[in-house]
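To keep things clear, I will list the structure first and then write my remarks on it.
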Amino acid sequence: MSEIIYDLPNPITDIFYPDQELEKLAIAGSRPYTQPQLVDIGVAIIYNTHDFETVLLNWHSLPPIQQTRTNFKTSITSARRFLRKVRGETMRSAGFHQANMIG
2 MSEIIYDLPN
12 PITDIFYPDQ
22 ELEKLAIAGS
32 RPYTQPQLVD
42 IGVAIIYNTH
52 DFETVLLNWH
62 SLPPIQQTRT
72 NFKTSITSAR
82 RFLRKVRGET
92 MRSAGFHQAN
102 MIG
């Protein structure tokens, strides 16, 4: 999952599609993932964006019983909506991208 990169301007479904496809393949192969494993896949994709630190901090502070796939999707979708309001339609973090280009 570390190879999957979510680009913030892309639709939110880009985050959830890979785990849904893996889930289908695993079921077809009679080796289904558990719900916590599917959540971990989503967390790994989000972690690689470096844009959802606060959401991830809040997520990891939840009791395990509340760390469901539904709650994860709701949290990320809500956070992306707020980031869009703050950053605008392009959703770019200019300072972060410029700093990476220099290094």
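First residue of the sequence shown: 2, per our numbering; consecutive thereafter.
Positions of the beta carbon are idealized from the N, C-alpha and C atoms, including for glycine.
Pair within 7 Å by beta-carbon distance, residue i and residue j
i: Asp52; j: Leu39; result: no
i: Arg81; j: Ile5; result: no
i: Tyr34; j: Ala27; result: yes
Backbone CA spacing between residue i and residue j [nearest angstrom]
i: Pro64; j: Asp41; result: 15 Å
i: Glu54; j: Ile66; result: 21 Å
i: Phe73; j: Leu57; result: 10 Å
i: Ser79; j: Gly89; result: 15 Å
i: Asp8; j: Ala45; result: 14 Å
i: Pro10; j: Glu22; result: 21 Å
Cβ neighbour criterion (16 or more within 10 Å) applied to residue i
i: Ser76; result: buried
i: Asn83; result: Here residue 83 turns out to be Phe, not Asn, going by the sequence shown. Exposed.
i: Gly30; result: exposed
Residues of its chain near residue i, where Cβ-Cβ distance is below 6 Å and the 5 sequence neighbours each way are ignored
i: Val87; result: none
Cut-off 8 Å between Cβ atoms - residues of its own chain near residue i, not counting five sequence neighbours on either side
i: Thr69; result: Gln36 and Val40
i: Gly43; result: Ile16, Phe17, Asp20, Arg70, Phe73, Lys74 and Ile77
i: Glu24; result: Pro33, Tyr34 and Leu39
i: Asn59; result: Ser76
i: Ser62; result: none
Contacting residues, own chain, Cβ-Cβ under 7 Å from residue i (five flanking each side not counted)
i: Tyr48; result: Leu57
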